[in-house]
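Student: Residue numbers (my numbering), protein chains in the order written: chain A, 9 to 332; chain B, 455 to 730. Note that the Cβ used here is the ideal one computed from N, Cα and C, for glycine as well. Note that the structure is predicted; figures quoted are calculated from it, not measured. I'd like to ask you about the structure that follows.
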Amino acid sequence: MDAPVPLSEPDASALASRRSRHDRTGDVALRALTAGAALLALAAIATIVYEVVRGASLSIGHFGLPFAWHQVWDPNRDIYGALNLIYGTAITSGVALLFAAPLSIAIGLFLSELAPSGVRGVVGALVEMLAALPSVVIGLWGILVLGPFVQNDLEPFLGSFLGWTPFFRGEHHTGGLLPAMIVLTIMIVPISSAICRELFLTVPRELKEGAYGLGLTRWEMVRGVVLPYTRGGVVAAILLGLGRALGEAIAVTQVIGSAQGIHLSFFALGDTLASRIAAQYQGALTALAVSSLAYLALILLVFTLVVNVAAQVIVKRFERKQGR
Amino acid sequence: VSRLVATGSVRRRKRKSRLVEILAVLSSARAVGALALVVLSVLVKALPALNLDLFTKTEATFGESGGGIAHAFVGSLLLVGLAAAMALPVGVLIAIYVSEFAGPRAAMVVRSALDVLNGIPSIVIGIAVFSLLVLAIIMLPLISRATQEVLALVPQSLREASQALGVSKWRTVLRVVLPTTLGGIVTGATLGIARAAGETAPILFTSTLFTNTVSTDPHHPVASVPFIIFTYSESPDPNLHEKAWAAAFVLIVFVLVTSLAARFVLHRAARMLRAG
């Protein structure tokens with residue numbers, strides 16, 4: 009082994025330049041590696057869109073756009089249309105949203121304005137745990153516990169009260185649109201309420217105290233200050249919940265009962281875009297059947313993309329307005 | 455502005471405010487009640503089938519009692535483990551790109567892409583790509599976002615100090631910044647695993663022909679816990695219903711414990727970063 013030679017001037021600068029070359033390559037390499045990973049995320053979206061469109065191309069060529077407003081879905085005659093399923097998706101998600109939106113806002117208000125700090129943490133964590141429940145477990149509960157309750161208690165009760173409207177009449181089932189709406193509500197609420205709480209916490213303290221200083225009650229303060237201040241964000245929170253409801257396949261498949269037709273009554277069995285795919289993709293016999301299910305997936309993809317992008321745009325505008 | 459002018463009887467206004475407060479409390483109680491209802495009914499129904507056999511034996515032949523779902527546990531572990539191994543490095547690298555290298559515009563594009571990815575229904579992803587990749591794609595935004603959140607908390611002065619000492623950027627990122635974000639990475643990975651473990655839709659299309667024996671060969675379709683719950687719940691055999699409840703209970707406990715642990719770790723990591 010050579011004895012260590014003390015570095016002379018030129019050696020040191022050579023070493024430094026070698027090191028800086030190393031560093032430059034390292035910087036470029038890490039930058040390229042991480043940028044490549046980011047491109048992978050973009051590529052994943054592109055692949056999903058491409059594969060769904062490719063899978064649906066046969067059906068698109070065969071049925072074209074009218075697929076979206078034709079009602080018949082008949083594997084025996086190999087004729088497919090999506091209208092029933094679009095209706096099922098819209099009505100279950102829409103009604104679930106009507107239940108979930110006020111609930112989420114109220115929970116957000118409770119967690120941000122009302123609850124004492126100890127309760128706040130515990131209830132907040134519990135609501136988040138509700139979001140973590142796997143949908144298949146909610147579906148299992150929906151079919152074996154909620155279903156019989158809906159059939160034996162809830163539907164007769166609603167029928168006796170509201171049977172004069174077209175929405176609450178007809179035969180009682182363990183499955184159907186009503187349990188699907190309840191299950192979806194359970195899935196939307198934790199998502200939307202967690203976002204609402206975060207939003208309400210961003211309202212500046214001075215504004216709230218100013219409102220109290222004017223002699224307003226707590227509710228008047230919320231209506232006059234908190235809700236106007238966070239309006240855009242609350243809409244986005246609810247849209248994000250809607251995105252989840254539209255695409256929920258498993259729990260809905262378990263409870264909705266896979267039926268044809270458009271029924272006004274919430275007691276009827278139905279089907280949604282996502283649940284039809286989940287229920288029939290394995291058993292699809294013809295190429296056209298598989299392709300039509302991919303077409304359903306494409307429609308669902310467009311719906312959820314629109315909803316999610318709208319939510320994002322609203323959030324961005326909200327953040328800009330706040331100068332963040 | 456007119457909303458901010460108080461008019462009317464004070465007593466009535468106070469009563470109205472009180473009413474809304476009560477409604478808010480009731481709403482929260484309802485959400486917590488729903489959680490308790492689901493968890494408790496799963497627990498009650500699962501009790502008869504919760505025994506060691508559940509974890510050590512495979513499916514009983516139709517109509518017979520006993521047996522277990524060991525094959526599903528092994529399958530789930532395998533699927534989720536492999537998917538996490540794929541998603542974890544990519545997710546962390548994306549987070550590093552967004553917070554250390556990208557300009558504001560590129561960062562926004564990548565962040566939006568992750569949000570879009572997070573919003574695509576898993577059943578649609580399941581139609582597009584094979585199941586392992588679906589789980590990885592589902593985990594990716596969760597891992598990346600949690601890592602980004604913690605990276606954003608790393609004080610700028612730490613990076614500047616390192617660079618002032620002549621340390622190059624890539625060494626700074628890998629040796630100084632990244633180690634401080636370990637908490638965020640662990641959180642993201644745990645949240646991702648909890649989510650992927652409960653995902654049924656993507657597996658639906660690929661594990662139809664799974665065997666009822668323990669299999670660790672990833673080339674063969676494997677059973678998984680959520681898939682077992684889904685198929686057993688639609689079966690007429692009460693023994694299988696019982697197994698579905700037991701599997702649901704194990705899944706719930708796993709998911710809730712991992713999500714709670716993840717939040718705890720993130721909370722601690724964030725607090726340490728803020729304090730340090």
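1. Apart from the five residues on each side of it in sequence, which residues of its chain come closer than 6 Å, Cβ to Cβ, to A:ASN316?
2. Would you say B:ASP507 lies against chain A (beta-carbon separation less than 8 Å)?
3. Suppose only complete runs of 4+ residues qualify. What are the alpha helix (DSSP H) ranges in the region 120 to 154 of chain A, listed by chain order?
4. If the cut is a Cβ gap below 7 Å, which residues of chain A does B:LEU497 touch?
5. Could you round the C-beta distance between A:ALA219 and A:GLY232 to whole angstroms and report it? I think they count as a contact, below 8 Å.
6. Have a look at B:VAL621 and B:ALA648 and give me their C-alpha separation to the nearest angstrom.
7. Quick one: list the residues of chain A neighbouring B:ASP691, beta-carbon separation under 7 Å, in chain order.
8. Please list, in chain order, the chain B residues whose beta carbon lies closer than 9 Å to that of A:SER201.
9. How is A:ASP82 classed by DSSP in three states: helix, strand or coil?
10. On the CB-based measure, 16 or more other CB atoms within 10 Å of its CB, does A:GLU214 come out buried or exposed?
11. For A:GLY269, which residues from the same chain have a beta carbon less than 7 Å from its beta carbon, with the 5 sequence-adjacent residues on both sides left out?
12. Tell me whether A:ILE270 sits in a helix, a strand or coil according to DSSP, three-state version.
13. Check for me: the alpha helix (DSSP H) holding B:ASP507 runs from which residue to which?
14. In three-state DSSP terms, what is B:ILE574?
15. Check whether the Cβ atoms of B:ALA526 and B:SER689 lie closer than 8 Å to each other.
16. Any idea what DSSP makes of A:ILE87, helix, strand or coil?
17. For A:ARG284, which option in B:LEU658, B:LEU501, B:SER495 has the closest C-alpha, if you only look at C-alpha atoms?
18. Against A:VAL197, what residues of chain B qualify as contacts under a CB-to-CB distance less than 9 Å, listed in chain order?
19. Which residues, in order along the region 135 to 152 of chain A, keep a beta-carbon less than 8 Å from a beta-carbon of chain B?
20. Note down, in chain order, all residues in the region 557 to 571 of chain B with a beta-carbon under 7 Å from any beta-carbon belonging to chain A.
21. In chain order, what residues of the same chain have a beta carbon less than 6 Å from the beta carbon of B:SER616, not counting five sequence neighbours either side?
22. Buried or exposed: which applies to B:PRO692, given that a residue is buried once 16 or more other Cβ atoms fall within 10 Å of its Cβ?
23. Of all the options A:GLY150, A:MET137, A:SER266, which has the alpha carbon lying nearest to the alpha carbon of B:LEU714?
24. If contacts are defined as beta-carbon pairs under 8 Å, then A:ILE146 and A:MET195 qualify, I think. What distance do you get, rounded to the angstrom?
25. Listed in chain order, which residues of the region 524 to 550 of chain B have Cβ atoms closer than 9 Å to some Cβ of chain A?
26. List the residues of chain A that B:ALA655 touches, going by C-beta distances under 7 Å, in chain order.
27. Quick one: is B:GLY775 near chain A, going by C-beta distance under 8 Å?
28. Looking at C-alpha atoms only, which residue of A:LEU186, A:LEU308, A:PRO212 is the closest neighbour of A:LEU162?
29. With H, G and I counted as helix, E and B as strand and the rest as coil, what does DSSP make of B:VAL496?
30. Do A:THR294 and A:ASP86 have their beta-carbon atoms positioned less than 8 Å apart in this structure?
31. Give me the chain A residues within the contact set of B:GLU614, using Cβ-Cβ distance strictly less than 8 Å, ordered along the chain.
32. Quick one: give me the first and last residue of the alpha helix (DSSP H) that A:SER342 is part of.
33. Closer than 9 Å by beta-carbon distance: list the chain B residues that pair up with A:GLU59, in chain order.
34. With a cut-off of 8 Å, does the C-beta of A:ALA46 fall near any C-beta of chain B?
35. Checking contacts by CB at 8 Å: is A:LEU337 closer than that to chain B?
36. With DSSP collapsed to three states, give me the class of A:ALA292.
Tutor: From the atom records:
1. Hits under 6 Å: GLY251.
2. No, B:ASP507 lies away from the interface with chain A (no Cβ there is under 8 Å from its Cβ).
3. Counting only runs of 4+ residues, the alpha helix (DSSP H) found wholly inside the region 120 to 154 of chain A occupies 125 to 140, 143 to 149, in chain order.
4. Chain A residues near B:LEU497: none, gap ~11 Å exceeds 7 Å.
5. The distance from the Cβ of A:ALA219 to that of A:GLY232 is about 6 Å, consistent with a contact at the 8 Å cut-off.
6. One C-alpha to the other measures close to 38 Å.
7. Correct list: empty, because the minimum Cβ distance to chain A is about 13 Å.
8. Under the 9 Å cutoff, chain B gives SER481, SER482, ALA485.
9. Residue state, collapsed to three classes: strand.
10. By the 10 Å Cβ count, A:GLU214 comes out exposed.
11. Once the five neighbours on either side are set aside, the close Cβ partners of A:GLY269 are ASN92.
12. Residue state, collapsed to three classes: coil.
13. Segment 506 to 510, the alpha helix (DSSP H) holding B:ASP507.
14. Residue state for B:ILE574 is assigned as coil, using DSSP reduced to three classes.
15. Not in contact: B:ALA526 and B:SER689 (Cβ atoms no closer than 8 Å).
16. Three-state DSSP puts A:ILE87 in a strand.
17. Selected option, being the one with the closest Cα: B:LEU658.
18. In chain order: SER481, ARG484, ALA485, ALA488.
19. Closer than 8 Å at the C-beta level to chain B, one finds these residues of the region 135 to 152 of chain A: VAL135, GLU136, MET137, LEU138, ALA140, LEU141, PRO142, SER143, VAL144, VAL145, ILE146, GLY147, LEU148, TRP149, ILE151, LEU152.
20. Cβ contacts with chain A: VAL564, SER566, ALA567, LEU568, ASP569, VAL570, LEU571.
21. Around B:SER616: THR626, VAL630.
22. Burial call: exposed.
23. B:LEU714 has its Cα closest to that of A:MET137, out of A:GLY150, A:MET137, A:SER266.
24. That belief holds up - the Cβ atoms of A:ILE146 and A:MET195 are roughly 7 Å apart, short of 8 Å.
25. Listed by position along the chain: PRO543, VAL544, GLY545, VAL546, LEU547, ILE548, ALA549, ILE550.
26. Residues of chain A passing the Cβ test: ALA257, ILE258, ALA286.
27. In the structure as shown, chain B begins at 455 and stops at 730. Residue 775 of chain B is therefore absent and cannot be evaluated.
28. Selected option, being the one with the closest Cα: A:LEU186.
29. It is helical.
30. Cβ distance < 8 Å, so A:ASP86 and A:THR294 count as in contact.
31. Scanning chain A for C-beta atoms nearer than 8 Å to the C-beta of B:GLU614 yields nothing, as the closest lies near 16 Å away.
32. The structure shown does not extend to residue 342 of chain A, since chain A is modelled only from 9 through 332, so no value can be given for it.
33. Result: ILE581, ALA582, VAL583.
34. At a cut-off of 8 Å, the C-beta of A:ALA46 has a neighbouring C-beta in chain B.
35. The requested residue 337 of chain A does not occur in the structure, where chain A is confined to residues 9 to 332.
36. A:ALA292 carries a coil assignment under DSSP once its states are collapsed to helix, strand and coil.
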